[in-house]
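In the numbering used here, the protein residues as written are 302 to 794.
Backbone N, C-alpha and C fix where the C-beta goes; we use that ideal spot for every residue, glycine too.
To start, the structure under review is shown below, and the notes come after it.
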């Protein structure tokens, strides 16, 4: 919605409010909201009536001045707020994630001033009273400006800007206060990392370790003793690519594998040019010991042509590098290795996007990931365009003896994991697998978008869920779960 249209629509609301005031002088004094009786010992999520999205610290920021937005509700700490009593019916709203409070930028009294977070000074531009709206919703009125907390232009989009605007009573100014109970031990909810595309997760020596695409010159990793804890764990830089002649930037799809007593982290990187460019190559770094977080040293470039999404297949004591390259279309590739960092033969194509569900928006096979079960070797891969809502997972099974021979792989005719509109999950793909801490459960980690218009960018979030096995030995991934759904944590936590 344009600014001009916004002003017209707002003007309509203002006329209605003025008319009401002329007809009822008692309305000149705003009533105290019955809903304003808040529990200062509780934690709340604030859900907008118009968009059904939650008040959110954008991009999990912890700094002064970080902007406040709305985002699909996931009950993460960045969407949790505590009311701090300022007296006189006013409160500060403190973020559980950052410890900072809701603030009108620059103590402005102007229409459209931004809401940000700032260190708590108990200033009047950080104080809000709650005014009633129908249905148990409230408006947040700033003490300094007298204006209401508002979603700009009635937007329903993730990341939409939060501003102040005259109190019109519009649905985009109405908020539901959802009181949260204490998190039940042994549970978690997705996402386990917001802004976490191309995830790879492993459980090792009491910790979950997670690495995702950064799209810059750093490789980062976070760790936690619980799956739920990954959502707020800090990212730590474990390797910096700056200064490398090739592979300095645009870091994608990191994966780390424990091979011969060391961790080998495989990744895609190229020169600092736009996405889907001809400079992207596969690379590997090596850990000094058995800690997944390193330290690491650069080990090798793996090939000198465009290739994406490295992973390692192990079969009959041999190692194979899997990737995605252009062979007429973007296809799955496999290359023999003599050790974790040395190519020992020609790259072969083992799958092309030939089926209709592999060609939606654009024909693509990529993100090959190994899966082993009861002596069977399989590959779960991503198909169709990552920038469309129909990105999904397919399955290859090694039905012969030679992983390098395309004829020895059999493709399942139907996808094994795909979008679920009812749950608001779109473009689920680029997955990995991990075991529960006690080794009894199989889990999938993947990224997805929250809307059909989501792109192939950093807004994709990391999610995880348990899966089972069909009678024929193939994986049953079920349906991708809605964000915010409470799930049992992996067994053994």
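Contacts around residue i, its chain only, beta-carbon distance under 6 Å, and the 5 residues preceding and following it disregarded
{"i": "residue 503", "result": "510 and 735"}
{"i": "residue 756", "result": "688"}
{"i": "residue 564", "result": "557, 588 and 593"}
{"i": "residue 600", "result": "585, 586, 587 and 642"}
{"i": "residue 711", "result": "698 and 700"}
{"i": "residue 310", "result": "Unreliable placement is indicated for residue 310, whose pLDDT of 24 sits below 50; the coordinate value is still reported in the next sentence. None."}
{"i": "residue 785", "result": "374, 375, 376 and 490"}
{"i": "residue 532", "result": "377 and 493"}
{"i": "residue 628", "result": "650"}
{"i": "residue 472", "result": "350 and 351"}
Cβ pair residue i, residue j closer than 8 Å
{"i": "residue 370", "j": "residue 405", "result": "no"}
{"i": "residue 344", "j": "residue 381", "result": "yes"}
{"i": "residue 690", "j": "residue 720", "result": "yes"}
{"i": "residue 501", "j": "residue 695", "result": "no"}
{"i": "residue 444", "j": "residue 475", "result": "no"}
{"i": "residue 498", "j": "residue 513", "result": "yes"}
{"i": "residue 816", "j": "residue 390", "result": "The chain is shown from 302 up to 794; residue 816 falls before or after that span and cannot be answered."}
{"i": "residue 480", "j": "residue 386", "result": "no"}
{"i": "residue 705", "j": "residue 761", "result": "no"}
{"i": "residue 674", "j": "residue 770", "result": "yes"}
{"i": "residue 603", "j": "residue 613", "result": "no"}
{"i": "residue 716", "j": "residue 693", "result": "yes"}
{"i": "residue 775", "j": "residue 724", "result": "no"}
Neighbour-count burial assignment, residue i, 16 or more Cβ in a 10 Å radius
{"i": "residue 507", "result": "exposed"}
{"i": "residue 466", "result": "buried"}
{"i": "residue 684", "result": "buried"}
{"i": "residue 379", "result": "buried"}
{"i": "residue 731", "result": "buried"}
{"i": "residue 455", "result": "buried"}
{"i": "residue 567", "result": "buried"}
{"i": "residue 625", "result": "buried"}
{"i": "residue 652", "result": "buried"}
{"i": "residue 665", "result": "buried"}
{"i": "residue 537", "result": "exposed"}
{"i": "residue 350", "result": "buried"}
{"i": "residue 328", "result": "Since pLDDT at residue 328 reaches only 33, below the 50 mark, its modelled position is unreliable, and the value read off the structure follows with that caveat. Looking at its Cβ environment, which holds fewer than 16 other Cβ atoms inside 10 Å, residue 328 is exposed."}
{"i": "residue 494", "result": "buried"}
{"i": "residue 280", "result": "Beyond the ends of the chain as shown, which are 302 and 794, falls residue 280; an answer cannot be given."}
{"i": "residue 435", "result": "exposed"}
{"i": "residue 597", "result": "buried"}
{"i": "residue 782", "result": "buried"}
{"i": "residue 449", "result": "buried"}
{"i": "residue 639", "result": "exposed"}
{"i": "residue 414", "result": "buried"}
{"i": "residue 654", "result": "buried"}
{"i": "residue 754", "result": "exposed"}
{"i": "residue 727", "result": "buried"}
{"i": "residue 645", "result": "exposed"}
{"i": "residue 669", "result": "buried"}
{"i": "residue 763", "result": "buried"}
Continuous beta strand (DSSP E) stretch holding residue i: start and end
{"i": "residue 712", "result": "710 to 712"}
{"i": "residue 631", "result": "630 to 640"}
{"i": "residue 551", "result": "550 to 560"}
{"i": "residue 357", "result": "355 to 358"}
{"i": "residue 750", "result": "743 to 750"}
{"i": "residue 540", "result": "537 to 541"}
{"i": "residue 523", "result": "519 to 525"}
{"i": "residue 658", "result": "Careful: residue 658 lies outside any beta strand (DSSP E) and carries neither H nor E."}
{"i": "residue 727", "result": "727 to 736"}
{"i": "residue 577", "result": "That residue, residue 577, is in no beta strand (DSSP E); it is neither H nor E in DSSP."}
{"i": "residue 671", "result": "666 to 674"}
{"i": "residue 614", "result": "609 to 616"}
{"i": "residue 503", "result": "501 to 505"}
{"i": "residue 339", "result": "Premise fails: residue 339 is in no beta strand (DSSP E) and is neither H nor E."}
{"i": "residue 683", "result": "677 to 684"}
{"i": "residue 652", "result": "649 to 652"}
Same chain only: Cβ atoms within 7 Å of residue i, ignoring 5 sequence neighbours per side
{"i": "residue 358", "result": "367, 369, 379, 396, 398, 399 and 418"}
{"i": "residue 305", "result": "Reliability fails at residue 305, whose pLDDT of 27 lies under 50, so the model's placement of it is uncertain and no value is given."}
{"i": "residue 788", "result": "488, 489, 490, 766 and 782"}
{"i": "residue 630", "result": "653, 654 and 664"}
{"i": "residue 523", "result": "511, 531, 534, 535, 536 and 537"}
{"i": "residue 420", "result": "365 and 401"}
{"i": "residue 346", "result": "355, 374, 376, 380, 381, 479 and 481"}
Neighbourhood of residue i by C-beta, 8 Å cutoff - its chain only, sequence neighbours within 5 removed
{"i": "residue 325", "result": "Only weak support is given to the placement of residue 325: the predicted model assigns it a pLDDT of 34, under 50, and the value that follows is read from those uncertain coordinates. No residues qualify anywhere along the chain."}
{"i": "residue 708", "result": "701"}
{"i": "residue 676", "result": "none"}
{"i": "residue 569", "result": "551, 552, 553, 554, 581, 582, 583, 584, 608, 609, 610 and 611"}
{"i": "residue 528", "result": "489, 493, 509, 765, 790, 791 and 794"}
Output the residue ranges of the beta strand (DSSP E) runs that lie fully inside the stretch 385 to 461 and measure 3 residues or longer, sorted by chain position.
391 to 396, 402 to 405, 416 to 419, 429 to 433, 439 to 443 and 449 to 452
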